[in-house]
Amino acid sequence: MSTLESIANQEYKYGFRSDIESDVIPKGLTEDTVRLISARKNEPAFMLEFRLKAFRHWQKMEEPHWANVDYPAIDYQDIIYYAAPKPKAKKKSLDEVDPELLKTFDKLGISLTEQKRLSGVPIAVDAVFDSVSVATTFKKDLLKHGIIFCSFSEAVQEYPELVEKYLGSVVPTTDNFFAALNSAVFSDGSFCYIPPDTVCPMDLSTYFRINTEGAGQFERTLIICDRNSKVSYLEGCTAPMFDTNQLHAAVVELVALENAEIKYSTVQNWFAGDPKTGKGGIYNFVTKRGKCLGDHSHISWTQVETGSAITWKYPSCILQGDYSKGEFYSVALTNNLQQADTGTKMIHIGKNTTSTIISKGISAGKSTNAYRGMVSMKKSATNARNFTQCDSMLIGSNCAANTFPVIEVQNKTARVEHEASTSKISEDQLFYFRQRGIETEEAMSAIINGFCKEVFRELPGEFAVEATRLLGLKLENTVG
Amino acid sequence: MLEIRDLHACRDEKEILKGINLSVKSGEIHAIMGPNGSGKSTLAKVVVGHPAYTVTSGDILYQGKSILEENPEQRALDGIFMAFQYPVEIPGVNNANFLRLAYNAKRTFQGQEELDPLEFDDLLQEKLKLVEMDPSFINRSVNEGFSGGEKKKNEILQMAILEPQLSILDETDSGLDIDALREVANGVNKLMQPDRAMILVTHYQRLLNYVQPDFVHVLSAGRIVKSGGKDLALELEDRGYDWVIDQQTAEV
Chain A
1 MSTLESIANQ
11 EYKYGFRSDI
21 ESDVIPKGLT
31 EDTVRLISAR
41 KNEPAFMLEF
51 RLKAFRHWQK
61 MEEPHWANVD
71 YPAIDYQDII
81 YYAAPKPKAK
91 KKSLDEVDPE
101 LLKTFDKLGI
111 SLTEQKRLSG
121 VPIAVDAVFD
131 SVSVATTFKK
141 DLLKHGIIFC
151 SFSEAVQEYP
161 ELVEKYLGSV
171 VPTTDNFFAA
181 LNSAVFSDGS
191 FCYIPPDTVC
201 PMDLSTYFRI
211 NTEGAGQFER
221 TLIICDRNSK
231 VSYLEGCTAP
241 MFDTNQLHAA
251 VVELVALENA
261 EIKYSTVQNW
271 FAGDPKTGKG
281 GIYNFVTKRG
291 KCLGDHSHIS
301 WTQVETGSAI
311 TWKYPSCILQ
321 GDYSKGEFYS
331 VALTNNLQQA
341 DTGTKMIHIG
351 KNTTSTIISK
361 GISAGKSTNA
371 YRGMVSMKKS
381 ATNARNFTQC
391 DSMLIGSNCA
401 ANTFPVIEVQ
411 NKTARVEHEA
421 STSKISEDQL
431 FYFRQRGIET
441 EEAMSAIING
451 FCKEVFRELP
461 GEFAVEATRL
471 LGLKLENTVG
Chain B
1 MLEIRDLHAC
11 RDEKEILKGI
21 NLSVKSGEIH
31 AIMGPNGSGK
41 STLAKVVVGH
51 PAYTVTSGDI
61 LYQGKSILEE
71 NPEQRALDGI
81 FMAFQYPVEI
91 PGVNNANFLR
101 LAYNAKRTFQ
111 GQEELDPLEF
121 DDLLQEKLKL
131 VEMDPSFINR
141 SVNEGFSGGE
151 KKKNEILQMA
161 ILEPQLSILD
171 ETDSGLDIDA
181 LREVANGVNK
191 LMQPDRAMIL
201 VTHYQRLLNY
211 VQPDFVHVLS
221 AGRIVKSGGK
231 DLALELEDRG
241 YDWVIDQQTA
251 EV
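Chains as they are written, first to last, in the working numbering: chain A, 1 to 480; chain B, 1 to 252.
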């Protein structure tokens with residue numbers, strides 16, 4: 001009997017649900033819903049217009065089905081588009097945040113008190129619970145450096161000119177079905193602005209938590225890094241275990257001005273659904289895109305995708321400024337019945353632009369894992385360069401890995417390199433470790449970490465540790 | 001040290017070992033020889049607990065107790081080592097890290113503290129010299145892109161680091177040119193001590209020119225059909241395996 005056979009998966013440890021009173025609007029989506037959300041949030045006119053424009057366009061669009069994923073039709077009238085924990089009173093500081101919420105985030109290992117982490121390096125957190133941001137830490141300290149880090153709702157009220165200027169500038173409302181939907185109904189998210197000549201003194205992060213059953217989460221993140229500035233941004237996510245699938249359709253927009261650098265890292269651990277039936281779990285249909293607007297700007301995406309029933313996302317870079325640089329480092333792990341179709345787009349417009357794509361797909365159980373990528377060298381992209389490396393690893397024999405690369409080159413001086421490989425963890429490899437006194441789980445972990453090391457080394461310290469641990473947990477018992 | 005009693009084992013329901021008896025004591029080197037398909041490699045793999053093989057009857061005693069119920073890593077930690085005939089490539093896993101992982105597994109098992117990478121490097125450098133191995137190998141992925149000879153040397157390096165009580169070398173001489181064979185054999189000889197034992201599984205006599213066995217056993221169709229001293233190997237070199245097997249058949 002083969003030892004490479006899947007037994008049960010480690011139980012999802014973030015599957016609990018918090019008992020928190022919520023302000024929930026009725027299910028369903030009409031123009032009135034959009035107006036209601038905007039009114040709830042007391043938004044200025046430009047926001048309502050932005051939403052309505054998106055909504056009207058969305059109504060004319062059809063849900064796309066080109067991804068290599070399979071799921072029952074989504075009933076968009078059966079989703080709650082706004083769910084927010086009921087405020088006890090208007091909160092002035094963290095002390096006034098509902099203790100139940102603090103407890104929830106504590107349980108998730110996210111401290112909303114402004115304490116230093118064990119490593120001594122502080123991290124600023126914007127905690128998003130269902131549709132709204134419930135707390136942002138280190139806000140005042142950051143503001144001393146001129147750095148704005150707050151919930152999206154707050155930014156709309158306090159910094160409307162910045163929001164109006166950049167919202168939708170990278171992902172237009174009409175971009176795609178899910179982005180249009182998000183633009184119409186998004187309720188909150190994180191906003192960040194780094195002023196010129198500033199290196200952000202700490203990592204910023206958003207932690208997303210879905211709590212209400214039947215609620216879609218549509219958050220919006222907008223990060224603007226002004227010239228000669230630098231920021232590292234982390235994103236984490238979990239959700240309770242429900243029997244129904246939940247839709248998560250977020251939009252993240254990054255803007256890097258001249259000589260600015262944005263590093264965006266995600267460790268995604270949404271509930272993946274029941275390991276045997278696939279019931280429940282998150283549909284993670286997210287649009288993430290960065291624009292290297294200024295010369296010499298640099299945007300780097302690093303993602304470790306381990307959760308969700310379905311992951312469908314392509315963090316991309318538009319390399320507009322000359323000498324700008326885009327990077328995509330990805331580990332996507334699927335187990336049991338999970339499906340992932342993920343990759344990136346690198347759109348080279350400016351001269352001497354460079355991009356690097358390192359994608360590592362790991363499939364176990366009966367899962368499917370696809371890399372889909374596009375490298376486009378526009379006419380203006382003189383001397384642009386891309387390097388792509390796309391590796392797949394299979395564990396067991398019931399899973400699948402696919403690669404769909406698209407390369408478009410309109411400039412003769414551009415250079416594109418693509419490398420791909422597929423490998424399998426074999427019984428022989430595991431036996432080799434065991435004969436040297438190393439247990440199977442440790443052997444798996446060494447092989448997987450070796451496979452992913454080019455991506456892991458891009459992650460900020462603690463995140464790398466978390467990612468390694470998470471992969472270990474997810475693959476526990478995939479070999480008996 | 002090792003006592004094999006009437007061992008029967010099969011793979012995919014096909015019986016390969018049909019009653020092996022073998023006794024190995026500390027300080028002894030045994031050579032197991034025999035034609036292809038006689039069950040030599042199977043014997044080696046069954047002793048270290050390869051999951052593809054099932055023991056149907058008989059017993060394997062190591063240091064006086066049965067190890068049949070022990071999994072491969074327990075047997076390894078008890079001090080049984082196998083140098084693989086075809087060492088597998090493990091891309092992405094750094095050789096030095098792999099060696100340290102294995103070494104620390106043993107230290108933990110023995111209740112000692114693990115070595116950090118710097119401390120381990122001192123040990124590694126010393127062992128590299130012992131087996132005359134190029135230090136550049138340790139920074140490459142385990143066996144990846146190694147030549148046949150390099151892979152076999154890497155096995156001997158691991159043996160030098162883990163210092164097993166019982167080493168089973170499965171066709172370690174195959175695929176080696178004469179220089180590599182001599183270097184590997186030198187390493188093996190340096191690692192042989194009075195409190196250790198070795199089993200050399202080999203098809204040809206040539207390794208035995210360098211590593212002198214105390215006993216030579218001929219395996220045929222899953223049984224040991226003849227045992228003798230070092231001279232038996234030479235005789236086999238001259239006359240081939242058929243006469244031994246014929247003799248055996250005649251006796252039956």
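Ideal Cβ positions, reconstructed from N, Cα and C, are used throughout, including at glycine.
For residue i and residue j, what's the separation of their Cα atoms in angstroms?
i: residue 192/A; j: residue 378/A; result: 30 Å
i: residue 10/A; j: residue 152/B; result: At residue 10/A the pLDDT is 44, less than 50, meaning the model places this residue with poor confidence; the figure from the coordinates comes in the next sentence. Cα to Cα, residue 10/A sits roughly 38 Å from residue 152/B.
i: residue 182/B; j: residue 71/B; result: 34 Å
i: residue 75/B; j: residue 433/A; result: 12 Å
i: residue 413/A; j: residue 288/A; result: 29 Å
i: residue 231/A; j: residue 454/A; result: 21 Å
i: residue 216/B; j: residue 40/B; result: 13 Å
i: residue 11/B; j: residue 232/B; result: 30 Å
i: residue 350/A; j: residue 376/A; result: 12 Å
i: residue 89/A; j: residue 284/A; result: Any answer about residue 89/A is weak, because its pLDDT of 47 lies below 50 and its placement is not dependable; what the coordinates show is given next. In a straight line, the C-alpha of residue 89/A is about 33 Å away from that of residue 284/A.
i: residue 164/A; j: residue 143/B; result: 57 Å
i: residue 168/B; j: residue 125/B; result: 24 Å
i: residue 480/A; j: residue 189/B; result: Caution applies to residue 480/A, whose pLDDT of 43 falls short of 50 and renders its modelled position unreliable; the value that the coordinates give is listed next. Answer to the nearest angstrom: the Cα atoms are 38 Å apart.
i: residue 224/B; j: residue 396/A; result: 38 Å
i: residue 307/A; j: residue 66/B; result: 44 Å
i: residue 269/A; j: residue 121/B; result: 37 Å
Can you list the residues of chain B that residue i reaches, using a CB-CB cut of under 9 Å?
i: residue 268/A; result: Residues of chain B passing the Cβ test: none, with the nearest at roughly 23 Å.
Starting from residue i, follow the beta strand (DSSP E) in both directions and report where the run begins and ends.
i: residue 296/A; result: Segment: none, residue 296/A is in no beta strand (DSSP E) and carries neither H nor E.
i: residue 72/B; result: From DSSP, residue 72/B is part of no beta strand (DSSP E) but of the alpha helix (DSSP H) over 72 to 77.
i: residue 406/A; result: 400 to 409
i: residue 59/B; result: 53 to 62
i: residue 329/A; result: 325 to 334
i: residue 414/A; result: From DSSP, residue 414/A is part of no beta strand (DSSP E); its letter is neither H nor E.
i: residue 368/A; result: 368 to 377
i: residue 133/B; result: No beta strand (DSSP E) contains residue 133/B, which DSSP labels as neither H nor E.
i: residue 472/A; result: Segment 461 to 475 is the alpha helix (DSSP H) holding residue 472/A; no beta strand (DSSP E) there.
i: residue 86/B; result: Neither: residue 86/B is in no beta strand (DSSP E) and is coded neither H nor E.
i: residue 264/A; result: 261 to 268
i: residue 168/B; result: 166 to 170
i: residue 344/A; result: 339 to 348
i: residue 256/A; result: 251 to 256
Where do the ends of the alpha helix (DSSP H) carrying residue i lie?
i: residue 166/A; result: 160 to 166
i: residue 150/B; result: 148 to 162
i: residue 447/A; result: 440 to 456
i: residue 45/A; result: 45 to 60
i: residue 182/A; result: 177 to 185
i: residue 70/A; result: It is not in any alpha helix (DSSP H) - residue 70/A carries neither H nor E in the DSSP assignment.
i: residue 187/B; result: 178 to 191
Closer than 8 Å by beta-carbon distance: list the chain B residues that pair up with residue i, in chain order.
i: residue 450/A; result: 90, 91, 92, 93, 94 and 141
i: residue 453/A; result: 92
i: residue 423/A; result: 91
Would you mind giving the Cβ-Cβ distance between residue i and residue j, rounded to the nearest angstrom? I have them listed as a contact below 8 Å.
i: residue 471/A; j: residue 448/A; result: 6 Å
i: residue 149/A; j: residue 124/A; result: 6 Å
i: residue 293/A; j: residue 256/A; result: 6 Å
i: residue 402/A; j: residue 365/A; result: Between residue 365/A and residue 402/A the Cβ distance is about 16 Å, and since that is not below 8 Å, they are no contact.
i: residue 334/A; j: residue 371/A; result: Contact doesn't hold; Cβ gap of about 12 Å is too wide.
Listing by chain order, which chain B residues have their CB less than 7 Å from the CB of residue i?
i: residue 438/A; result: 73, 101, 102 and 105
i: residue 429/A; result: 88 and 90
Are residue i and residue j touching if we call contact CB-CB under 8 Å?
i: residue 85/B; j: residue 177/B; result: no
i: residue 47/B; j: residue 80/B; result: yes
i: residue 183/A; j: residue 54/A; result: yes
i: residue 25/A; j: residue 80/A; result: yes
i: residue 123/B; j: residue 161/B; result: yes
i: residue 359/A; j: residue 316/A; result: no
i: residue 419/A; j: residue 388/A; result: yes
i: residue 82/B; j: residue 435/A; result: yes
Can you pull the chain A neighbours of residue i, defined as C-beta to C-beta under 8 Å?
i: residue 48/B; result: 435
Strictly below 9 Å CB to CB, what residues from chain A border residue i?
i: residue 158/B; result: 436
i: residue 76/B; result: 434, 435, 436, 437 and 438
i: residue 82/B; result: 435
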